[in-house]
Amino acid sequence: MPEIAFAGTAQTTTMHRDDAPVGRTARFHLRKRFGGLHCCRRSWSDNGKRLFLHGYALSFEIEFACDERQSDDQVLSAECLDDIRAALAAQFGHTTLITSNDPQRDLFELLAERDLVDMRIVESTALEASGAWVFETVERIVAQATGGRAWVSRIDAQESGSRVFTLTALPVKDWV
Numbered sequence: 229m230p231e232i233a234f235a236g237t238a239q240t241t242t243m244h245r246d247d248a249p250v251g252r253t254a255r256f257h258l259r260k261r262f263g264g265l266h267c268c269r270r271s272w273s274d275n276g277k278r279l280f281l282h283g284y285a286l287s288f289e290i291e292f293a294c295d296e297r298q299s300d301d302q303v304l305s306a307e308c309l310d311d312i313r314a315a316l317a318a319q320f321g322h323t324t325l326i327t328s329n330d331p332q333r334d335l336f337e338l339l340a341e342r343d344l345v346d347m348r349i350v351e352s353t354a355l356e357a358s359g360a361w362v363f364e365t366v367e368r369i370v371a372q373a374t375g376g377r378a379w380v381s382r383i384d385a386q387e388s389g390s391r392v393f394t395l396t397a398l399p400v401k402d403w404v
């Protein structure tokens with residue numbers, strides 16, 4: 229196996245969703261990477277440089293699972309994948325993420341009103357929060373598109389190639 233090199237220190241975090249579907253088994257899996265998502269965010273409560281606006285190249289590798297495929301033998305339709313891509317681009321494509329309690333929120337709202345930033349108000353700007361948002365949003369899209377036949381089983385959220393956060397619908401001990 230070739231050695232994998234990272235530009236800087238690589239950090240990986242894994243978290244299991246307590247509300248994950250119980251008793252679901254999957255015979256089929258599809259992994260799809262959604263990249264090219266460049267966003268800016270500010271962590272105002274950070275004492276370091278992250279209190280300034282800073283940008284990241286985000287990507288999300290999402291694993292979908294199902295026990296039965298569609299009639300065309302696919303796990304998900306192209307339309308469903310397009311809907312997911314559109315939702316991710318709307319949230320993270322050249323946008324600015326600001327927390328709801330940012331003391332400078334009024335200033336950022338003024339910048340947004342003047343079309344200087346495409347702002348999203350979120351509870352947290354951390355990669356972990358973005359990964360959880362993706363899991364919940366994509367799970368809703370997939371459930372609606374498939375009538376519950378398919379679901380999200382895992383998300384790997386990555387920022388600028390050096391930090392990965394994994395959110396899984398399976399207990400960690402089941403997939404390690």
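Residue 229 is where the sequence shown starts when you use our numbering, and the numbers rise one by one after that. Don't be surprised by glycine CBs; every beta carbon is placed ideally from N, CA and C.
Exposed unless 16 or more other CB atoms sit within 10 angstroms - verdict on residue 378: Translated into the one-based positions of the sequence shown, residue 378 becomes position 150. It is buried - the Cβ of residue 378 has at least 16 other Cβ atoms within 10 Å.
What do you get for residue 269, buried or exposed, if any count of 16 or more other CB atoms within 10 angstroms of its CB means buried? For the purposes of this step, residue 269 is taken as the residue at position 41 of the sequence shown. Buried, because 16 or more other Cβ atoms sit within 10 Å of the Cβ of residue 269.
Residue 291: buried (16+ other C-beta within 10 angstroms of its C-beta) or exposed? Indexing the sequence shown from 1 puts residue 291 at position 63. The residue in question, residue 291, is buried, as its Cβ has 16 or more Cβ neighbours within 10 Å.
Looking at the structure shown, is residue 286 part of a helix, part of a strand, or coil, going by DSSP? Here residue 286 refers to the residue found at position 58 when the sequence shown is read from its first residue. Reduced to three states, the DSSP call for residue 286 is strand.
Is it the case that the Cβ atoms of residue 328 and residue 356 are separated by a distance below 8 Å? On the sequence shown, residue 328 is found 100 positions in, with the first residue counted as 1. On the sequence shown, residue 356 is found 128 positions in, with the first residue counted as 1. No, they are not a contact pair.
Under three-state DSSP, which class holds residue 343? What you label residue 343 is simply residue 115 of the sequence shown in a count that begins at 1. Reduced to three states, the DSSP call for residue 343 is coil.
Contact set for residue 282: own chain, Cβ-Cβ below 8 Å, skip 5 residues either direction: Residue 282 sits at position 54 when you count from the first residue of the sequence shown. Excluding residues within five positions, the ones whose Cβ falls inside 8 Å are 268, 269, 270.
CB contact flag (residue 369, residue 326, <8 Å): Counting from one through the sequence shown, the residue named residue 369 turns up at place 141. Counting from one through the sequence shown, the residue named residue 326 turns up at place 98. No, Cβ-Cβ distance for residue 369 and residue 326 is not below 8 Å.
State the Cα-Cα distance for the pair residue 301 and residue 294, rounded to the nearest angstrom. Working through the sequence shown from its first residue, we reach residue 301 at position 73. Working through the sequence shown from its first residue, we reach residue 294 at position 66. Whole-angstrom Cα-Cα distance: 11 Å.
So, with DSSP's three-state summary, where would you put residue 298? Translated into the one-based positions of the sequence shown, residue 298 becomes position 70. Coil.
DSSP on residue 320, reduced to helix/strand/coil? Translated into the one-based positions of the sequence shown, residue 320 becomes position 92. If DSSP states are grouped into helix, strand and coil, residue 320 belongs with the helices.
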